[in-house]
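Comments concern the structure below.
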Amino acid sequence: EAGVTQFPSHSVIEKGQTVTLRCDPISGHDNLYWYRRVMGKEIKFLLHFVKESKQDESGMPNNRFLAERTGGTYSTLKVQPAELEDSGVYFCASSQVGGRAGADTQYFGPGTRLTVL
Amino acid sequence: RKEVEQDPGPFNVPEGATVAFNCTYSNSASQSFFWYRQDCRKEPKLLMSVYSSGNEDGRFTAQLNRASQYISLLIRDSKLSDSATYLCVVNMGPRGSTLGRLYFGRGTQLTVWP
């Protein structure tokens, strides 16, 4: 079974530019999460989709960040315009809904390392 | 105050040693607890869930103390391959709920040397 995939693995952009990150969850996982780790800090939650609906977006830093999950499959996270403090590793995770024990385990993708210059 | 606090280490131990990591969480409403392992420049991977009665998986033992809001991870007979960062992770919702947001500690770095 394929795991969570993310694209690109690395992105280097200049301040003011736009970047779009993509996440493909494990097939059949309705829950999709975005997290971010900035240097020297803990991994922090950004938002949670259940299928195509935003369940919780309270972790989004500001309105420069836009997440979508049209069709309830893959998700994109767009940062526009990017600022220096947006640099970090963006992780995506997915999980199943309910069911057997352990079904809510979140499986993480390899992350996208974003550097804003 | 941070939701999850961990001793960042680093812990440097010889092969075969026993090492313990501790973690505290601030929200008494927290219901699900996990230890994740993260290798350098890799994604976090679930090591084990932590249950109220404590649980063991081979060389790894996790304990939860709800009264003290404290979680521990014990690794016995350390292997070189155990070298990684160990993340204490908390979820406010019960297992299987839609309250999926995870709160992470900053991680404890472990190096096992030969």
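Top line first, the protein sequences correspond to chains A and B.
The first sequence: position 76 = 76 (the working numbering), numbered continuously.
The second sequence: position 83 = 200 (the working numbering), numbered continuously.
For every residue, glycine included, the Cβ atom is placed at its ideal position computed from N, Cα and C.
All values derive from a computational prediction rather than experimental measurement.
Close beta carbons around residue i, own chain, < 7 Å, minus the five adjacent residues each side
i: residue 182 of chain B; result: none
i: residue 221 of chain B; result: 121, 204 and 206
i: residue 160 of chain B; result: none
Amino acids of chain B, ordered along the chain, whose beta-carbon sits closer than 7 Å to that of residue i
i: residue 115 of chain A; result: Result: empty, since nearest Cβ-Cβ is about 14 Å, beyond 7 Å.
i: residue 56 of chain A; result: 218
i: residue 74 of chain A; result: Going along chain B, no residue has its Cβ under 7 Å from residue 74 of chain A, so there is no contact; the nearest lies around 17 Å.
i: residue 48 of chain A; result: 217 and 218
i: residue 111 of chain A; result: 160
Closest by C-alpha distance to residue i, when choosing among the options
i: residue 8 of chain A; options: A:63, A:48, A:61 and A:77; result: A:77
i: residue 109 of chain A; options: B:155, B:149 and B:228; result: B:155
i: residue 195 of chain B; options: B:118, B:165 and B:129; result: B:129
i: residue 150 of chain B; options: B:178, B:209 and B:197; result: B:209
i: residue 137 of chain B; options: B:143, B:124 and B:146; result: B:124
i: residue 163 of chain B; options: A:79, A:10 and A:105; result: A:105
i: residue 88 of chain B; options: B:146, B:201, B:229 and B:168; result: Residue 88 of chain B cannot be examined here, being either before or after the span of chain B that is shown, 118 to 231.
i: residue 230 of chain B; options: B:131, B:144, B:127 and B:119; result: B:131
i: residue 64 of chain A; options: A:38, A:85, A:37 and A:41; result: A:85
Neighbourhood of residue i by C-beta distance below 8 Å, restricted to the same chain and skipping five residues each side
i: residue 26 of chain A; result: 1, 2, 3, 4, 94 and 107
i: residue 72 of chain B; result: Since the first residue of chain B shown is 118 and the last is 231, residue 72 of chain B is not available in this structure.
Chain-ordered chain A contacts of residue i [CB-CB under 8 Å]
i: residue 161 of chain B; result: 43, 91 and 108
Whole-number beta carbon distance between residue j and residue i, since they are thought to touch under 8 Å
i: residue 33 of chain A; j: residue 224 of chain B; result: Not quite, the Cβ-Cβ distance comes to about 18 Å (not below 8 Å), so this is no contact.
i: residue 30 of chain A; j: residue 54 of chain A; result: Residue 30 of chain A to residue 54 of chain A, Cβ: 13 Å. No contact.
i: residue 72 of chain A; j: residue 90 of chain A; result: Their Cβ separation, rounded to whole angstroms, is 20 Å, which puts residue 72 of chain A and residue 90 of chain A out of contact at 8 Å.
Residues of its chain near residue i, where Cβ-Cβ distance is below 6 Å and the 5 sequence neighbours each way are ignored
i: residue 60 of chain A; result: 46 and 47
i: residue 16 of chain A; result: 81
i: residue 12 of chain A; result: 115
Where residue i meets chain A, residues with beta-carbon distance less than 9 Å
i: residue 138 of chain B; result: The contacting residues do not exist; residue 138 of chain B stays about 15 Å from chain A at best.
Short CB-CB distance (under 7 Å) between residue i and chain C
i: residue 223 of chain B; result: Looking at the structure shown, chain C is missing, and the protein chains on hand are A and B.
Amino acids of chain B, ordered along the chain, whose beta-carbon sits closer than 9 Å to that of residue i
i: residue 105 of chain A; result: 151, 163 and 166
i: residue 63 of chain A; result: Correct list: empty, because the minimum Cβ distance to chain B is about 20 Å.
Sheet register partners of residue i (DSSP bridge)
i: residue 53 of chain A; result: A:50
i: residue 199 of chain B; result: Per DSSP, none; premise fails for residue 199 of chain B.
Contact list for residue i against chain B, beta-carbon separation under 8 Å
i: residue 95 of chain A; result: 217
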